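*Asks:*
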Amino acid sequence: MQLSEIRALFFVLFSLTFLSCSRVTTLGKKTHEFGKKADQIIWIQVAGLSDEHLGLVKFNSPIENYVSPLENAVCMGNMWSYNLYDLRVVPESGFVSQLSGSKKIKNECSDYDRDFVWNLLEPFKFQTAILEGPLSKDESLLKIKECSEAKNKLDNTSFWSMSGNSKNMNLPTFHFQKEEILRPGVFRDRSCQDKGCFASTLNNAKELWKRMLVEPGRKLLIVRDFSFNDALKKKRNIILARERLIEIMEMYQYFKDSTRNSNKTLILLTSSAAMPIEFPSAGKEWNAFIKKGKNILYKKTSLLSSVWADGPGAENFCSYMNESEVLERILWAPKEKFLGIF
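Quick note: the numbering used here has the sequence shown finishing at residue 338, numbered continuously throughout.
(1) Considering only the alpha carbon of each residue, which of D226, G289 and S267 lies closest to Q41?
(2) Expressed to the nearest angstrom, what Euclidean distance is found between the alpha-carbon atoms of F53 and L241?
(3) Considering A90, what are the terminal residues of the beta strand (DSSP E) in which it resides?
(4) Using 10 angstroms around the beta-carbon of S277, count the other beta-carbons present and answer buried if the total reaches 16, otherwise exposed.
(5) Can you give the Cα-Cα distance for T124 and L45, rounded to whole angstroms?
(6) Please classify N259: is it buried, with 16 or more other beta-carbons within 10 angstroms of its beta-carbon, or exposed?
(7) With a threshold of 8 Å on Cβ separation, who are the neighbours of L12 within its own chain once the five nearest residues in sequence on each side are excluded?
(8) Looking only at its own chain, which residues have a Cβ that is under 6 Å from the Cβ of R238, when we skip the five neighbours before and after it?
(9) Just to check my reading of the structure: H28 and V70 have Cβ atoms closer than 8 Å, yes? What is that Cβ distance to the nearest angstrom?
(10) Is the beta carbon of L131 less than 9 Å from the beta carbon of F275?
(11) Given this structure, state the Cα-to-Cα distance separating P58 from G279, to the nearest angstrom.
(12) Whose C-alpha, out of P308, V322, E321 and S315, is nearest the C-alpha of D35?
(13) Give me whichever residues DSSP pairs with R179 in a beta bridge.
(14) Among V92, M72, T255 and E88, which has the Cα closest to the Cα of L323?
(15) Are the beta-carbon atoms belonging to M72 and L66 less than 9 Å from one another?
(16) Note the first and the last residue of the continuous beta strand (DSSP E) segment covering L300.
(17) Considering only the beta carbon of each residue, do K141 and L150 sit closer than 9 Å?
(18) Just how far apart, CA to CA, sit I292 and I273?
(19) Checking 9 Å against the spacing of the C-beta atoms, do G129 and R220 come in under that value?
(20) Do you know how far the Cα of N152 is from the Cα of I234?
(21) DSSP on C105, reduced to helix/strand/coil?
(22) Measure the alpha-carbon distance for K230 versus E135 and round it to whole angstroms.
(23) Just verifying my parser: in three-state terms, what is the DSSP assignment at I292?
(24) Anyone know if the C-beta pair for I38 and L178 falls short of 9 Å?
(25) Measure from the alpha carbon of G181 to the alpha carbon of each residue in Y316, L299, F170 and R256, then state which is nearest.
(26) According to DSSP, is F55 helix, strand or coil?
(27) Can you tell me whether DSSP reads F313 as helix, strand or coil?
(28) Excluding the 5 residues preceding and the 5 following S144 in the sequence, name in chain order all residues of the same chain whose CB lies nearer than 8 Å to its CB.
(29) Near N56, which residues of its chain fall below 6 Å by C-beta distance, leaving aside the five closest residues on each side in sequence?
(30) Can you give the Cα-Cα distance for S98 and Y108, rounded to whole angstroms?
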């Protein structure tokens, strides 16, 4: 080999080495670092939501080519929404399956025999807070406390409930406008009564996260929201559903913006028991739908639910999975054993 050929080969090898070292990794044309572990996890559970519902906001925006916060997520996947006993699950069952990694969900105390995500993360020094928006007793995780063998599973969490029913009236209270130290226990929103809440789930989620950040260490925040599903299923109110969806998108964007510089926060939004709707055709029917919520057909709950993710570990959700696999994908990292990333 001549000297000129050796020099040319050396130049090519050097160029390839330089490019490989300086290359920016991307996912879906967005900058993303693979194989990273999260020191903070924010998990939003929204009942009834599907990816097509984003059209309720996208096609009602005055901004041309509007892209919603969920469309901007690094990763989006789909989950088969079933368990060993039901082909189509109710949202509360699907979310318990996601939180516990179990398919054996009967809506009985046996559902809570397994450790939940916060129990598994506790040995790794994760502080856990749970916020439940207005929902029914059957939908609430507080059912765990009524099961003798599982009643201690929430003991080390800070649990904020926005349910204003009489059973919660004896609980200690919280308020998003009052500065208080975050501590373990179950608390009710003092702004909530039987007819509703003065505070929004978004306001409480922001305040709860701010209080969590006061103390150093790893964090797990779970926000559970059934308001979108209630608007679709019970009231058949598409206008209210759009308002709830806008609030959910604002929440996702808030967490994304507030953690942008840390690069250590996994933001996850999962749905369950998605309630598909058939949007109307263009023209007058679409105009009546936008203004008054008319000309829309409701379907059975879908066999698939959706998941959106940003931050370290988001790449684990770019695929199809069972709802019971969500927990494992939060904890999983390449070349590591289960839970080894912590």
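Here a beta-carbon is modelled for each residue, glycine too, at the ideal position from N, C-alpha and C.
Predicted model, so just to flag it, every value in this text is computed and none were measured.
*Replies:* Straight from the coordinates:
(1) S267
(2) The sequence given here has Val at residue 53, not Phe. A straight line joining the alpha-carbon of V53 with that of L241 spans about 8 Å.
(3) A small correction: the amino acid at residue 90 is Gly; Ala does not occupy that position in the sequence shown. Premise fails: G90 lies in the alpha helix (DSSP H), P87 to S96, not in any beta strand (DSSP E).
(4) exposed
(5) 25 Å
(6) exposed
(7) Residue confidence is low: L12 scores 48 on pLDDT, short of 50, so the model does not pin down where it sits. Its coordinate-derived value is still stated next. Closer than 8 Å at Cβ, skipping near neighbours: no residue.
(8) L52
(9) 5 Å
(10) no
(11) 17 Å
(12) P308
(13) Its beta-bridge partners do not exist; DSSP assigns none.
(14) V92
(15) yes
(16) L300 to D306
(17) yes
(18) 7 Å
(19) Against a cut-off of 9 Å, the Cβ pair of R220 and G129 comes out as a contact.
(20) 38 Å
(21) helix
(22) 14 Å
(23) coil
(24) no
(25) F170
(26) coil
(27) Shown here, F313 sits in a helix according to DSSP, grouped into three states.
(28) C105
(29) I286
(30) 9 Å
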